[in-house]
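In our numbering, the protein residues as written are 666 to 928.
Quick look at the structure:
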């Protein structure tokens, strides 16, 4: 076993002991900055909720065109990712009508914050969720951070009392959780130092859901995001290649970790 693998095992053991086991229930709303974040961050939990008969809705804020900056037809990529989102949702037990794609520009969600806040307030009024899944705003992509603050702004003063689960995605992209790829080791080292070489997760994450029985559904859902798993055109690396596959492995351990709070 490598030193990195040993460190990950130790940190995972601590997380398993310190994070409270939870069983989300009731009407749930998942906010995804991009199509595929709903699967990566909480796909197993969504599948678990649906298997227990709880209604789940998904809102994808952006159109996802930024994943392939050199794509020959960006509009076709947007259409493809919208279809992939629906197919992934079906794998997790959702219906097409449970999914909304708002198609804000990928990478520029913050510039559309005011409109997104208004739309989200209206959606919450309509859907009346009891549980909310939002991106963890720690060490994340700008759209993930924007999605978090849009949710905070939309729900401020509403008195909804939602049970909120913040899910990490790119937060995991530092050592020892992932293996630094050649050419990125210096940058990843700086990030890893800033996050205490994995220790930050121990102070940020406080809840967990056992999704071992939902891993097959989650794998199918991720495979449905075909443009993201692998890029046949070679224009951009697929998720399977990020950090030599160690990044993607974080989402299939059998446990989904969250920061739980009440808004």
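For glycine and all other residues, C-beta sits at the position ideal for the given N, C-alpha and C.
Report buried or exposed for residue i, applying the criterion of at least 16 other Cβ atoms within 10 angstroms of its Cβ.
i	result
residue 879	buried
residue 702	buried
residue 850	exposed
residue 908	buried
residue 709	buried
Name the residue from the options whose alpha carbon lies nearest to the alpha carbon of residue i.
i	options	result
residue 686	778, 877, 894, 872	872
residue 711	883, 923, 922	883
residue 803	667, 826, 831	831
residue 671	732, 750, 702, 842	842
residue 864	874, 875, 839, 852	839
residue 731	693, 680, 784, 808	808
residue 689	733, 702, 828	828
residue 814	825, 826, 801	801
residue 691	668, 719, 709	719
residue 780	905, 693, 726, 915	726
residue 924	668, 868, 910	868
residue 810	778, 790, 791	778
With distances taken between CB atoms, is the gap from residue i to residue j smaller than 8 Å?
i	j	result
residue 859	residue 756	no
residue 700	residue 806	no
residue 920	residue 875	yes
residue 870	residue 680	yes
residue 677	residue 825	no
residue 769	residue 738	no
residue 716	residue 758	yes
residue 834	residue 816	no
residue 761	residue 751	yes
If I'm right that residue i touches residue j with Cβ under 8 Å, what's the distance once you round it to whole angstroms?
i	j	result
residue 812	residue 696	6 Å
residue 723	residue 714	About 11 Å; that fails the 8 Å criterion.
residue 753	residue 895	The Cβ separation is near 15 Å, so there is no contact.
residue 745	residue 892	6 Å
residue 837	residue 905	15 Å between Cβ atoms; not a contact.
Using a C-beta cutoff of 8 Å, does residue i count as contacting chain D?
i	result
residue 921	Absent from the structure: chain D. Only one protein chain is present.
* Asked: Does the segment 817–824 come close enough to the segment 845–864 to have 3 or more Cβ pairs within less than 8 Å?
  -> no
* To do: For the segment 790–802 and the segment 761–780, state whether three or more C-beta atom pairs, one from each stretch, are separated by less than 8 Å.
  => The answer is no - the segment 761–780 does not touch the segment 790–802, with fewer than three Cβ pairs under 8 Å.
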